[in-house]
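Numbering (our numbering), first residue to last: 1 to 419.
Virtual Cβ for every residue (Gly too), placed ideally from N, Cα, C.
Each remark here refers to the structure printed beneath this line.
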Amino acid sequence: METFFYKYSNPVDNKNAGIEIRKEHELSQDEQFLLKRAGLDSYAPLEAWTALGTNTQISYSTHGIFRYFGKFPSTIAAHLIMQYTDEHDMVMDPMAGSGTTVLEAMLANRDCRSYDVNPLAVLLQRVKTTHLEEEKLLEELKHISENYLPLPAEQFDWQPVGIRDVDHWFLKETQDSIRGLIYLINQIEDEKIKDFFSICLASSIRPVSRATTQQGRLFLDVVTAKEDCLDTFVKKAQKAIKAVASLPVSNSALEIAEHDASVPFSFGPTNKLIIVHPPYFNSYKYSSVNSLELSWMRINHADVRKNEVREFFKVGKAENITHYVEDMQSTLNIITATLLPDGVMALMIGDTIIKGEYVQATKMLLDKFLADNPSITVEKVVLRVPKYTEASWTTSQRRTSDKVGVSLNDFIIVFRRNG
Ligand SMILES: C[S@@+](CC[C@H](N)C(=O)[O-])C[C@H]1O[C@@H](n2cnc3c(N)ncnc32)[C@H](O)[C@@H]1O
């Protein structure tokens with residue numbers, strides 16, 4: 001067994017954020033079973049990786065400023081980057097979500113291309129990697145707090161977009177409170193500071209809404225709704241200010257943009273490492289999960305959905321796997337075209353059990369992808385033991401009965417392009 005710790009771990013307690021790696025002969029019987037059931041036991045070498053540390057310990061730097069459901073532990077990205085790249089090598093994450101990869105790449109002085117189809121994710125990635133001065137942010141926060149007033153729609157015409165019943169998800173008072181904050185944020189002239197406070201507001205939306213905060217999917221939980229958003233916003237902002245003010249002023253070249261990974265990239269094979277963590281089959285639709293935050297950004301989640309991989313969220317039909325694999329196969333082929341000879345791609349993916357039927361999504365995709373790409377070989381297959389706080393773990397616990405629904409197993413397939 002090997003353990004690795006990363007330098008940006010919480011400085012007070014820096015021996016806690018890391019990753020534990022066990023080799024094939026150290027795998028438990030349960031772990032061997034999981035790999036066999038997935039049809040992945042014929043590959044070698046096999047490993048099991050466990051992220052070490054509590055959520056707080058792995059949420060160092062700006063990792064914790066927004067709760068993006070379904071993100072992977074920061075130390076997994078840190079480990080892949082340290083293992084497979086040198087300073088200023090190009091890392092790419094084409095489905096980057098909350099930006100775990102781009103932040104780790106920046107902290108390790110790597111260059112990075114970071115894309116997503118979801119505009120909220122892209123804004124978040126920018127904010128998480130932009131150093132801003134504490135004094136300026138505190139001054140702006142003071143201005144917002146002192147000038148804040150709830151604003152009814154008659155006074156400020158700003159309505160959420162794309163959610164059918166706004167009153168179902170937000171109390172009337174909450175809507176006015178959010179509008180009051182948006183009014184002030186819109187007046188900020190410095191675009192980077194404006195983006196920063198937009199993310200602070202986005203991270204306050206779920207906690208003040210009538211939706212649960214514990215699951216990605218939107219379920220009603222009226223008890224948690226708050227009439228006033230200011231207090232939540234200020235607390236989120238104070239925490240985020242400390243985090244972005246402690247970011248290093250980066251000399252990494254970062255490109256963060258909206259891009260659909262199924263559309264060819266404008267550059268050729270230039271990436272040393274690609275980390276790709278797509279939506280899992282039958283698990284999450286990110287545009288839906290983030291629909292409340294997007295609505296206040298006046299972005300219709302249905303427009304984002306059009307470009308997303310078809311993951312069949314909520315459908316629960318095992319036969320749809322062929323469409324998922326089809327989408328992912330063509331998307332991975334496009335992504336792979338940007339990999340340098342001898343470069344590495346780490347695919348983080350999960351399998352699903354639907355009504356008792358184990359769906360070998362990973363294996364199906366792997367076979368098709370390898371057939372399409374003779375220059376690519378499998379370097380290792382990793383069983384990722386999820387942290388108990390991760391979405392995939394909670395999903396599997398929430399619906400443990402095979403009859404009801406979905407449980408997940410996570411894998412990392414590490415590929416190498418032959419030199
Ligand atoms: C599992 S999440 C990635 C989470 C990320 N690893 C993190 O730590 O935050 C998958 C992401 O893929 C994005 N996505 C879905 N379809 C896409 C597409 N066609 N092109 C680019 N991104 C896509 C979703 O918006 C979502 O943010």
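Checklist entry - What do you reckon, are the CB atoms on Glu357 and Ala302 nearer than 7 Å? => result No.
Next on the checklist: Short of 6 Å in beta carbon distance, which residues of its chain neighbour Asn290, apart from the five on each side in sequence? Order them along the chain.
Outcome noted: Within the same chain, Asn290 has close Cβ partners Leu120.
Checklist entry - Helix, strand or coil: which one does DSSP assign to Ser392? => result Caution applies to Ser392, whose pLDDT of 49 falls short of 50 and renders its modelled position unreliable; the value that the coordinates give is listed next. Correct three-state label for Ser392: helix.
Next on the checklist: Considering only their Cβ atoms, is the gap separating Val381 from Ile353 smaller than 7 Å?
Outcome noted: In this structure, Val381 does not lie closer than 7 Å to Ile353 by Cβ.
Next on the checklist: I'd like to check one pair, Leu339 with Pro269: are the Cβ atoms closer than 7 Å?
Outcome noted: For Pro269 and Leu339, yes; Cβs fall inside 7 Å.
Item to check | Simplified DSSP assignment, three categories, for Asn251 | outcome: Asn251 falls in the coil class under three-state DSSP.
Item to check | Other residues of its chain near Gly53: CB distance less than 6 Å, five sequence neighbours each side excluded | outcome: Its chain contains Asn16, Ala17 as the residues whose beta carbon lies nearer than 6 Å to that of Gly53, once the 5 sequence neighbours on both sides are disregarded; these appear in chain order.
Next on the checklist: Going residue by residue through the segment 237-300, where are the continuous beta strand (DSSP E) segments of at least 3 residues, counting only ones entirely within it?
Outcome noted: Listed in chain order, the beta strand (DSSP E) elements of length 3 or more contained wholly in the segment 237-300 are 254-258, 271-276.
Checklist entry - With respect to the alpha helix (DSSP H) encompassing Thr100, which residues constitute its N-terminal and C-terminal limits? => result Per DSSP, Thr100 belongs to the alpha helix (DSSP H) from 100-107.
Next on the checklist: Looking at ligand 1, does it come within less than 6 Å of Lys285, judged from the CB to the closest heavy atom?
Outcome noted: Outside the cutoff, so no.
Checklist entry - What first and last residue would you give for the beta strand (DSSP E) that runs through Met345? => result Element bounds for Met345: 339-354.
Next on the checklist: Let me confirm a value: Ala211 is counted as buried when at least 16 other C-beta atoms fall within 10 Å, else exposed. Which label applies?
Outcome noted: Burial state of Ala211 is buried, judged by a 10 Å Cβ sphere holding 16 or more other Cβ atoms.
Next on the checklist: I want to see whether chain D comes within less than 7 Å of Glu154, judged by CB atoms only; does it?
Outcome noted: As a matter of chain content, chain D is missing from the structure shown, which is built from one protein chain.
Checklist entry - Can you name the residues that DSSP bridges to Arg210? => result Within the DSSP secondary-structure output, Arg210 pairs in no beta bridge.
Next on the checklist: Since Leu123 and Ile199 should fall inside the 8 Å C-beta cutoff, what is the C-beta to C-beta distance between them, to a whole number of angstroms?
Outcome noted: That belief holds up - the Cβ atoms of Leu123 and Ile199 are roughly 6 Å apart, short of 8 Å.
Item to check | Secondary structure of Arg417, DSSP reduced to three states | outcome: In the structure shown, Arg417 sits in a strand (DSSP, three-state: E or B).
Item to check | Burial state of Gln397, where buried means 16 or more other Cβ atoms lie within 10 Å | outcome: Legend: pLDDT at Gln397 = 47, less than 50; position of this residue unreliable, no value from coordinates given.
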